[in-house]
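Protein chains in written order, with the working numbering: chain R, 573 to 858; chain B, 573 to 858; chain Y, 573 to 858; chain F, 573 to 858; chain P, 573 to 858; chain U, 573 to 858; chain Z, 573 to 858.
Glycine included, each C-beta is placed from N, C-alpha and C at the ideal position.
Written below as structure tokens is the structure these notes are about.
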Amino acid sequence: MENLNLSQINWEALLIDAGLILLKLAAIYFAFLIVKSAGNKIIHKSFEGIGRKERISPGRSKTLQSLAKNIFSYVLIFIFAVTILQIFGIKATAILAGAGVIGLAVGFGAQGLVSDVVTGFFILLERQIDVGDYVTTGSYSGIVEQIGLKTTQIRGFDGTLHYIPNREITSLSNHSRGNMRALVDIGISYDDNIDEAITVLQETCDKIAEVNQAIVEGPNVIGVQTLGSSDVVLRIIAKTENMEQWAVERQLRKALKEALEANGIEIPFPHQVLIQKQAGSESAAG
Amino acid sequence: MENLNLSQINWEALLIDAGLILLKLAAIYFAFLIVKSAGNKIIHKSFEGIGRKERISPGRSKTLQSLAKNIFSYVLIFIFAVTILQIFGIKATAILAGAGVIGLAVGFGAQGLVSDVVTGFFILLERQIDVGDYVTTGSYSGIVEQIGLKTTQIRGFDGTLHYIPNREITSLSNHSRGNMRALVDIGISYDDNIDEAITVLQETCDKIAEVNQAIVEGPNVIGVQTLGSSDVVLRIIAKTENMEQWAVERQLRKALKEALEANGIEIPFPHQVLIQKQAGSESAAG
Amino acid sequence: MENLNLSQINWEALLIDAGLILLKLAAIYFAFLIVKSAGNKIIHKSFEGIGRKERISPGRSKTLQSLAKNIFSYVLIFIFAVTILQIFGIKATAILAGAGVIGLAVGFGAQGLVSDVVTGFFILLERQIDVGDYVTTGSYSGIVEQIGLKTTQIRGFDGTLHYIPNREITSLSNHSRGNMRALVDIGISYDDNIDEAITVLQETCDKIAEVNQAIVEGPNVIGVQTLGSSDVVLRIIAKTENMEQWAVERQLRKALKEALEANGIEIPFPHQVLIQKQAGSESAAG
Amino acid sequence: MENLNLSQINWEALLIDAGLILLKLAAIYFAFLIVKSAGNKIIHKSFEGIGRKERISPGRSKTLQSLAKNIFSYVLIFIFAVTILQIFGIKATAILAGAGVIGLAVGFGAQGLVSDVVTGFFILLERQIDVGDYVTTGSYSGIVEQIGLKTTQIRGFDGTLHYIPNREITSLSNHSRGNMRALVDIGISYDDNIDEAITVLQETCDKIAEVNQAIVEGPNVIGVQTLGSSDVVLRIIAKTENMEQWAVERQLRKALKEALEANGIEIPFPHQVLIQKQAGSESAAG
Amino acid sequence: MENLNLSQINWEALLIDAGLILLKLAAIYFAFLIVKSAGNKIIHKSFEGIGRKERISPGRSKTLQSLAKNIFSYVLIFIFAVTILQIFGIKATAILAGAGVIGLAVGFGAQGLVSDVVTGFFILLERQIDVGDYVTTGSYSGIVEQIGLKTTQIRGFDGTLHYIPNREITSLSNHSRGNMRALVDIGISYDDNIDEAITVLQETCDKIAEVNQAIVEGPNVIGVQTLGSSDVVLRIIAKTENMEQWAVERQLRKALKEALEANGIEIPFPHQVLIQKQAGSESAAG
Amino acid sequence: MENLNLSQINWEALLIDAGLILLKLAAIYFAFLIVKSAGNKIIHKSFEGIGRKERISPGRSKTLQSLAKNIFSYVLIFIFAVTILQIFGIKATAILAGAGVIGLAVGFGAQGLVSDVVTGFFILLERQIDVGDYVTTGSYSGIVEQIGLKTTQIRGFDGTLHYIPNREITSLSNHSRGNMRALVDIGISYDDNIDEAITVLQETCDKIAEVNQAIVEGPNVIGVQTLGSSDVVLRIIAKTENMEQWAVERQLRKALKEALEANGIEIPFPHQVLIQKQAGSESAAG
Amino acid sequence: MENLNLSQINWEALLIDAGLILLKLAAIYFAFLIVKSAGNKIIHKSFEGIGRKERISPGRSKTLQSLAKNIFSYVLIFIFAVTILQIFGIKATAILAGAGVIGLAVGFGAQGLVSDVVTGFFILLERQIDVGDYVTTGSYSGIVEQIGLKTTQIRGFDGTLHYIPNREITSLSNHSRGNMRALVDIGISYDDNIDEAITVLQETCDKIAEVNQAIVEGPNVIGVQTLGSSDVVLRIIAKTENMEQWAVERQLRKALKEALEANGIEIPFPHQVLIQKQAGSESAAG
């Protein structure tokens, strides 16, 4: 930086240097592209082979494969970056070990990165999520698409792809780890007999349970959940196979509504008791 | 990193080395699998033996067993990782003691891990939770499935499995540490006599208390909780055996509603007093 | 860690060593159990003795006893842990004084622990809470069950046991430090005379004050608190003995409602003035 | 810790030592009790003397007295603790100056303590609060009972005693620093004449102002605050003596309601215009 | 602390020393009182002199005066404290420079103090507020009473005095820096002609603008702000002199309501279209 | 501070020193005032010259001018402060380089300052805002009045001047960077034909687009946005010139409402279907 | 700073120096402008060339181009700043390496900058966003306009340009990464047959699917989503091409509403059951 005096610069030599550097950069870039595509194919093949032989679930296999590619791409990029820095005559080790303001700044920058990698490592080690799981973390919900060293990708049900740095995943809810509960609340009139309504609802539930293979347990009418302002709310719960809970709930809602209707039990609208007062009495308020 | 010049690499030797390393890796991986399954069986047997002899509650026994397996698996993975690093010629101690940017970064990463382990250690030491307890921590509720060194697993009532890093468990509410309260609020009409209603409700409560073994104390009508906008709200509370509170509440709601109905006491809908005004007077507003 | 080469391990010696260690562990564990139960009994007896002689409130006595047991158990566990570490040939002092990554990590872990102990110490020193007090801290409310060096246990009114690390107790509201206020808001109609209503309510209050011993001051009708949308709200406040505020409020609500009814003063439902408009005029809106 | 080997301990000497230590502890404890009660009496007497001679407000005097006792008790406890540590052969200075993990941990613990003392010092120096003031800080409101070096005690109006560490008092609202405002919003009908209503309300206000000595300024009708959905809201404000604002507001509400009634000005209920549509036209919606 | 052995203390010498110290303390305290009152008077006089000669706004003059007194009082207290410490033989410099746990703790305590002074310094330098300004910062609003080195005092409109540490003043809204906007939203019926209503409202606005000197610009009807559920909302805005915005808004509301009434334009109540259905058809719902 | 013994002070010499210092202060203060006003004029003239010659937008020119004055005033104040410190014999460099408690404290204080300047620097460098732009940052909205090194001033639409430290400006929304969208939602009756309504609305939009020069694109009826509880909501959007969006929205609302009215398409009030039930049946509820 | 004594300054030499410096500054400024415009053109051309040859998506190409310009402009500004500092005789390296208060402060300032660059680097490396993508991050939504090293610019749909420092982008939702879901909820009457309604809705869906090319899957009626208080809610979902989801939803809403109408299936208004009570019975409430 001491010799930034513009007139002293040897422009020709500089242009030749720039040309050489560009050639080197191009060569390295193509090498990088070839190694990357070759590496990805090898990883893909290896996992196909392993997938067939050993007893690894398809979700786990996909997880490991996407992770392997992710690590491979980071290693490549790291080598790529170091090589380029060397072309410009900068030693990476010198930067990493460099003290002073720059070293400190890089250290702070690296902090987030390390946090991501450590958290990601334990998520994988404890098998908290696999590719294809339906998970919720923070305010993001969806199907896991990729678990990387630094970032986890979750596909929301509306099609959005959420990129979540692993360090942001503190607590994690996995909805694909066993049977799920279907829950339907249905309100009947205060005038109707509760026992009769329960009988009707339970019979319908039993019929559905016979037909629907996705139901593991129940559905059962468990009783009066709330004495609402206009209705007596009965709760029905069932245990279903994973991801089948919503379909079962929809089936239950339709069948139970039709069963109550068929048996003359009312699902009441909001009620209100009105008391008429003469406008004359109202003038007394003023 | 100084010799990354691509043309200098001896490709044959590299392939042979790679082959040897792969062989070693495979051997270590199988050893790891065998030791893991054997270890888990030994832990399981030991706890069965201890469970029979000593006076340890089943929940505590499960907790300790799941913890023992968890620690065992981490120790194995640590040995596994160190062995693999040695194959690649990297000394783990050198990394852990390594100063500079990497050491600092690892230190920051380890911070979260240590926080998890220390918190987990005190949760276990103070017996705050056991496997099978119904707990709430932060926004997560459910039955504890596993207490690990780093992560606690809670199964929500809808079937979701929550993975919570121990450091996220600051305050913890355990709903399985003694009898629980059942609470029912029931609104009667402003026209009805309060004393009469209390008598009817209390009689019903007493009948239920005789029949239901899960009720430890009460249920008792404790009085007028609120003078609502349309009803006089009476509160009934009872003490029940753990996890039986919801069933008792449901039973109470059904029985009390039927008792009031049988005695002609009204559970009122929302009320409103209407005052009719002529459209003529409304034109005066404009 | 340098000699992890699997083939070099002397398996027999290792097994004998393991056996000896297990024996030692068992011996120490039983010693630990005996000392613990003996110590707890001694603490219990001592406090019984002190409780009789000196003028310490029962709540304070329970607090100190539970604390003494808590400290005793931590000291025991610390000695227990150090002894076990010595069996494995690890010096605790070396760990505590150990610099590098591990020392730093332990330091961070200890930070939370020290914070807990210091906060707990001042809570006890300033007598902010005693066992049996009804307190609120953060979002947790209930009766204090145990005050430990590290954790305070609060039993919620629904039966839940809350474990709160002392460092989480920043501000603390103690509801068991003197008389409490009972507060009842009651709405009368805009048509009724306010003075008449106040007279009726105050007379009822005075009658209750004569009968109920838990009332320390009042209850008094202090005036018109709000001009509501449908009612004129009168406020009644009283001072009661500690924890009796809810019972007094319930008694007041019942008595005041019945007194108003007996004197023909209306507790009004929500009012609304309706203005009928012809559908013909409505077509003009579109 | 090096000689924790159980068999080497000389049990007799240990018991004698324990006995001596217990004796010393008892002696120190009684000395502590005597000095404490004597000191508190001296502080109390001194402040009575000062209070008579110098022009210090009673609130300030109580503040300084409670503070003096608080500091005195902390100094005593500190001396007490140091003496006890010496009995066990531990030098306090060594602990305070001790480096390593323990020193660091104590440093962190002390941080909160220093923060409390510094904040408390400036609250007292700037005379932000005195004992007896009605203050709000964070989510806590009430009368100040004690201002300590570490903790401030506020008595809520419902009787709860809030213990607030001084460091939690960031911003502070003192409601006892001058006259307060009484504010009443009253809605009149859209049909009524606004000028007439203002005249009626202002006359009532003037009458009250003559009678009530607690009113310093006003009350005045300042105009139309809102054009509500059913009423025209007029605002009345007054300046009252400290802590009299609520009583004045209640008096105003009652008097103004009665004045409007006497002059035939309506306080309207919520209004709604209804347009009847035939069920026939409704079938067109589906 | 080494010689705390109680029996070794020479009680007589100690009493004499204590007497001398008390005498010195009294002397310093009176000197402190005299210097303080003298200093405050000199500051007051100086500012009166400056205020007459130079062109400084009264608000700025008051700000500087209150600040000067505040700084003067802190300087005095500092000298006072250092003198007292010297009487007890403690050198302040030693404390401030003292390393170890105490130095560190004091450093942390000073941090908040420095933060207060630096923020306060820039608030004054950038003339963000003057005594008498109406400001909002965080959740506190009111008139600035005093700007100190450490704390700013804001008097809320209800009479409360808010003490806000300067460091808590991050963003600051000053409502006394130029003309303010008066804004009135008024709803007319869907049946009324919008152009006609705008003409009526604008005429009324123009009349007010002629009379009211506090209005700088407007008021103007700017158009249809919302198509509400029951009314068409028109917005009127004006620019008024500082602190006159509320009075102008009240005047506008009253005048505009009366103008609409006089011209037969309706301010509508909430509307609702009702469709009657027979109870017979309702039984079909159940 | 060592010679604070009051009797040793030479009062006369002290007074003379004080006089000399006051004279110096006055001289420096007047020099400061002259340089400041002269500097500001030079800056103003320079920017006028530049503004004429080069192609810089007026907003950018104002921004740079206000910034130049701001930097100039800070440099002056810095020189002023250093000079004054020298009069009192204090070297600024010594303070800045001073280690120990004071140096540390100043360092912490400076931290916020540096944060402000760095953020401000990048806001200016990236041309995120110019004087006159309408921006939103955090909870503050308005027109930018001044961008300083430390503080940005935003004038809210109600006339309030917000002072925002630059470090508080994390994310920033600039509403003056291109055309804006006008958006009107209008609800029609379920009985009306949607296609007909769209035709009517689109025709009105096209007429407005012809007349209003501020509309850049549209307005277009884009379709059924919501099936509301009482109406079918159609959305109209347009692209307008900057800051013209509100005027266009108001114009659209008025025109569209009148067009629908003219074509007999209803903007419906909230609807409700009522089912009459006899009071007799209601007694069954109780 | 030592020679700030005003009288010693050689004013003439100072003026000549100032003139020279201004000349240098002007020269450097023009050089800077020329290099900047030239560099930007070269970057633009290069990307046009690359865009034609290689298979890079247009979004990616724009991203890289805007980034290249951004980096280029920062490099230029850095060189520019260093050159100017040199003119004033200040060495940049000395500042960057400078210890003490200034070095520390710069270090803190740089921290945020490094955080921005590191986060930005990984966003680009992982291809989380491209120019033209529709993304949501924090509370900001819109189309990405520029991705810089330090700041990302997002254009909101209302025309606002959001400047977001990269470090503020923690989690990121990209709505342009594949097909999106269209979702319509439609409520039918409790009186209508659910199966019939589903048939009608599905037929309409199928017709739309045939015509609209943007629909990739569905739309399908998936069943009863809710049993509402006045209606049975049926849910329809479809998968559409990216960014076409809103248009499809609008089309579906219109077509489904018309289909239900044509088949006589009611979309019900809110329902309420009214029970008439005589004013006589109401007097009993009071």
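- Comparing C-alpha distances from G790/B to each of L799/B, Q637/B, V796/B, K779/B shows the shortest one belongs to K779/B.
- Within the DSSP secondary-structure output, I760/F pairs in a beta bridge with V804/F.
- For I787/R, the three-state secondary structure derived from DSSP is strand.
- Taking all protein chains in view, the Cβ of K617/Y is surrounded by fewer than 16 other Cβ atoms within 10 Å, so the residue is classified as exposed.
- A residue is called buried when at least 16 other Cβ atoms come within 10 angstroms of its Cβ; P630/R does not meet this threshold and is exposed.
- A Cβ of chain Z is located within less than 8 Å of the beta carbon of L744/U.
- When the five nearest sequence neighbours on each side are left out, the beta carbons in the same chain lying within less than 6 Å of the beta carbon of E816/Z are those of A786, in order along the chain.
- Among the CB atoms of chain R, none fall inside 8 Å of the CB of Q817/B.
- Counting every other CB atom within 10 Å of its CB across the protein chains shown gives Y706/B a total of 16 or more, marking it as buried.
- In this chain, the beta strand (DSSP E) harbouring P737/P covers 733 to 737.
- Q700/R: not part of any beta strand (DSSP E); DSSP gives it neither H nor E.
- Exclusion of the five residues before and after F619/R leaves S633, L636, Q637, A640 as the residues of its chain whose Cβ lies within less than 8 Å of its Cβ.
- Contact of E740/Z with chain U by beta-carbon distance below 7 Å involves T742, S743.
- Using a 10 angstroms sphere on the CB of I760/P, the tally of other CB atoms reaches 16 or more, which defines it as buried.
- T732/Y belongs to the set of residues whose beta carbon lies under 8 Å from a beta carbon in chain B.
- Taking D702/Z as the centre and dropping the five residues before and after it, the same chain places the C-beta of G631, R632, T635 closer than 6 Å to its C-beta, in chain order.
- Rounded to whole angstroms, L824/P and R807/F show a C-alpha spacing of 15 Å.
- In this structure, R739/Y keeps its C-beta atom at 8 Å or more from the C-beta atom of L733/Y.
- Per the coordinates, the alpha-carbon of V793/R lies some 16 Å from the alpha-carbon of E782/R.
- Under DSSP, K849/Y shares a beta bridge with I847/F.
- Check the Cα spacing between R822/R and each of D757/R, V647/R, G836/R, E775/R: the tightest is with D757/R.
- Neighbourhood of K849/U in chain Z, by CB distance below 7 Å: V845, L846, I847, in chain order.
- Using beta-carbon distances, N751/Y counts as an interface residue toward chain F, with a partner under 8 Å.
- Sorting F694/F, V796/F, A819/F, S802/F by C-alpha distance to the C-alpha of F650/P places F694/F at the top.
- Comparing alpha carbon positions, the residue from I847/Y, A831/Y, K811/Y, N814/Y closest to A769/Y is A831/Y.
- About 6 Å separates the beta carbons of Y762/R and V804/R, which is inside the 8 Å limit, making them a contact pair.
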